[in-house]
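All residue numbers for the sequence shown refer to the numbering used here, where the first residue is 609 and numbers rise by one. Everything on this sheet refers to the single structure shown next.
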Amino acid sequence: MNLKDIYINFFVSKGHKQIPSAPVVPENDPSVLFNTAGMQPLIPYLMGQLHPYGTRLCDYQKCVRTNDLEEVGDTTHHTFFEMLGNWSLGDYFKEESIAWSFELLTKHMHIPVERLAVTVFAGKDDIPFDEESYNKWLSLGISKERIAKTIEDNFWIAGESGPCGPDTEIFYFRSEEEIPKVFDPEDSRWVEIWNNVFMQYHKDNEGNVSALPKKNVDTGMGVERTTAILEGVNDNYLSSIWKDVIALISQISGLPYEGNERSMRIIADHLRTSVFISADPAGIKPSNTDQGYILRRLIRRAIRHAKTLNIDINSDWDLKIAELILSKYENYYKELADNRAVVLEVLKNEKIKFNRTLEKGLREFEKATRVRNDIDGETAFHLFDTYGFPLELTIELAHEKGLQVDEKGFASRFKEHQEKSRTASAGKFKGGLAGNGEIETKYHTATHLLNAALKIVVGPDVHQKGSNITEERMRFDFSCDHKLTDEEKKQTEDLVNKWIALGLDVTCEKMNKEDAINSGAECMFIEKYPDIVTVYSIGEVSKELCGGPHVKNTKELGHFVIKKEEASSAGVRRIKGVLE
Ligand code: SER
């Protein structure tokens, strides 16, 4: 049986409810790009909110950590991993948590006790030595010499503030060598496999620690590492999680794993993470910002490494690998099965985009390194801006030649560029997505009507994804999973024209951003707006956050006609329309 099943079955047998993995892009936490730990989606419940599934929970959670993306390529690093966890929300505490961890490891995962060692919190400031955990381990048969008391590594908190508490970490001796009697947590042959956190405190932003309303348990175990340990391999990529993916890459490239490990691991890891990010309900697409940029970097880095293995990158090598990954995981994550086509489309499109500039960019890189020793910020930015080379790709290429990249110089050019585009986009919002001429103003108002009409005809899930206005036409991109039928197009046109004919007044008010959202006003990029926003309403039919300008009354618009309806990108349709 697979580790995930063993783990979940065990905790279900101890009265836990299995909860589904939360999306990899946090749903209600804009402060982080991805879920980085199993407990992250549970923070409100650890803080005291009641969980609908009760007080004993377990799951496997999708996590993405990209801060050490460059480390991927060795035997243990991954940008995506699954974390097994069990939680007590004010239910059991240290006794049961430790006893169950021990039972699962020794009885169900068959790990000999002599291969185990633990750390417990030694005590610091007002928080005392964790004697209860210490004694519990002793009572289970872990010897004194195998229990280390530490401070730094035995107090767990996600980041700077939030729920936290002392923890006890469980280590496994991963070497063929003789097992030392005394456990030294600094000895790398001992690897941490499980972390049981006793969350009973909360640290606020000022650093003040207070007791939580309830004492909780939060444990986390990495699937990749533990699977490798149980299967007795020293390279995670040789465990059953990766073996067939590596074999496929080897088959596609015609090269053995040995001697090509780094590139093969990077391809396997980055494609798996890309599959999970693009299958997430958040609908992330490669872009130059936030999660989209991470996705872009992962795909592009995988492509570059495929090239170093002499894989014909124009073939469907990446889709084959992605399909294998999808089939390995879709029984556990339904969204992978549901979004299979989206995932493949994302990979395909990003490859097409990158291929257009990759060769030229590589030539540019060669040219730059022929005449200069190191890569300056300007060149790194040029490679990024013109050829789509994420910074770490340039760094990696440079390092392969023993050269350096001026990262600070890049950062300052990048900032300059961002400021310029921010000003440009602020201008866009202020000027109503286009110039302020009479006809553009009309199109601007018509855009709001079209948005409102599509919501009625196609459904409330329609949201604006983009807009562009010229003197000749308006273009409107919106989320929609299908090509509009002739009937839908006709109904949309008719509705807009009906509203025009009704002569609805267009009114504008200034509001606090939050009030505006709560009042149901539409908006595209909430974070781009200032705290006080202008909201335009058109009669009772439309209400949107917008900088204007707009016409005073819809009767000024004339007659609206949809000229074209087409796909813009996956899940996004585009309408071009005119006012006659
Ligand atoms: N929150 C702890 C960790 O991430 C245990 O789940 O290690």
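Yeah, the Cβ is synthetic: ideal placement off N, Cα and C, and Gly gets one too. All of these numbers come straight from a predicted model, not from anything done at the bench.
Residue range 798-811 is occupied by the beta strand (DSSP E) that includes N804, with no alpha helix (DSSP H) assigned at that position. About 5 Å separates the CB atoms of N694 and T827; that is less than 8 Å, so the two are in contact. Under the DSSP assignment, Y995 falls in the alpha helix (DSSP H) whose first and last residues are 985-995. In this model, H1056 and E1152 are separated by some 8 Å (Cα to Cα). In this chain, the alpha helix (DSSP H) harbouring N963 covers 948-979.
For E986 and E679, the gap between their C-alpha atoms comes out near 26 Å. For Q1099, the uninterrupted alpha helix (DSSP H) run begins and ends at 1094-1110, by DSSP. Distances from the CA of L1165 to each of A1054, S886, I933, N981 were compared; the closest alpha carbon is that of A1054. Going by DSSP, Q899 is part of the alpha helix (DSSP H) stretching over 898-916. When Cβ pairs closer than 8 Å are counted between the two stretches, the region 874-882 is seen to touch the region 902-910, the count reaching three or more. With 16 or more other CB atoms across the displayed protein chains lying within 10 angstroms of its CB, H913 is buried. Annotation for D826 indicates a beta carbon within 7 Å of some heavy atom of the ligand SER.
Look at the beta carbons and you see the region 1077-1084 not touching the region 1111-1131: under three pairs across the two are nearer than 8 Å. By the neighbour-count definition (other C-beta atoms within 10 Å, threshold 16), R964 is an exposed residue.
Where E1046 is concerned, the enclosing alpha helix (DSSP H) starts and stops at 1046-1065.
Residues K789, V790 of the same chain have their beta carbon placed closer than 6 Å to that of E753, with the five preceding and five following residues left out of the count. Contact between the region 948-956 and the region 1177-1188 is present: three or more C-beta pairs spanning the two stretches fall below 8 Å. DSSP places F1168 inside the beta strand (DSSP E), whose first and last residues are 1168-1177. For Q1012, same chain residues with a beta-carbon under 6 Å away, outside a window of 5 residues either side, are D982 in chain order.
For P774 against N762, the beta-carbon gap comes to about 6 Å, under 8 Å, which counts as contact.
In this model, W798 and D613 are separated by some 25 Å (Cα to Cα). By the criterion of at least three beta-carbon pairs nearer than 8 Å, the region 956-974 is in contact with the region 984-998.
Short note on N762: C-beta not closer than 7 Å to any heavy atom of the ligand SER. Residues S696, L697, G698, D699 of the same chain have their beta carbon placed closer than 8 Å to that of T663, with the five preceding and five following residues left out of the count. For the pair P720 and I801, the Cα-to-Cα distance works out to about 14 Å.
In terms of side-chain proximity, the C-beta atom of V805 is found nearer than 7 Å to a non-hydrogen atom of the ligand SER.
Our two residues, I755 and S705, have alpha carbons roughly 17 Å apart in a direct line. By the Cβ test, the region 633-645 is not in contact with the region 840-859, since fewer than three Cβ pairs between them sit closer than 8 Å. The shortest CA-to-CA distance from E786 to any of A836, I1170, V831, R723 is the one to R723.
Under DSSP, the beta-bridge partners assigned to I1140 are N1120. Between K1171 and V1186, the C-beta gap is smaller than 8 Å, which places the two residues in contact. Spatial neighbours of N804 in its own chain (CB-CB distance under 7 Å, excluding positions within 5 residues in sequence) are listed in chain order as S705, I706, S709, D775, T776, V825, T827.
DSSP places Q859 within a helical segment (H, G or I) once states are collapsed to three. At least one heavy atom of the ligand SER lies closer than 7 Å to the C-beta of M647. By the Cβ neighbour-count rule, R880 is buried, with 16 or more other Cβ atoms within 10 Å of its own.
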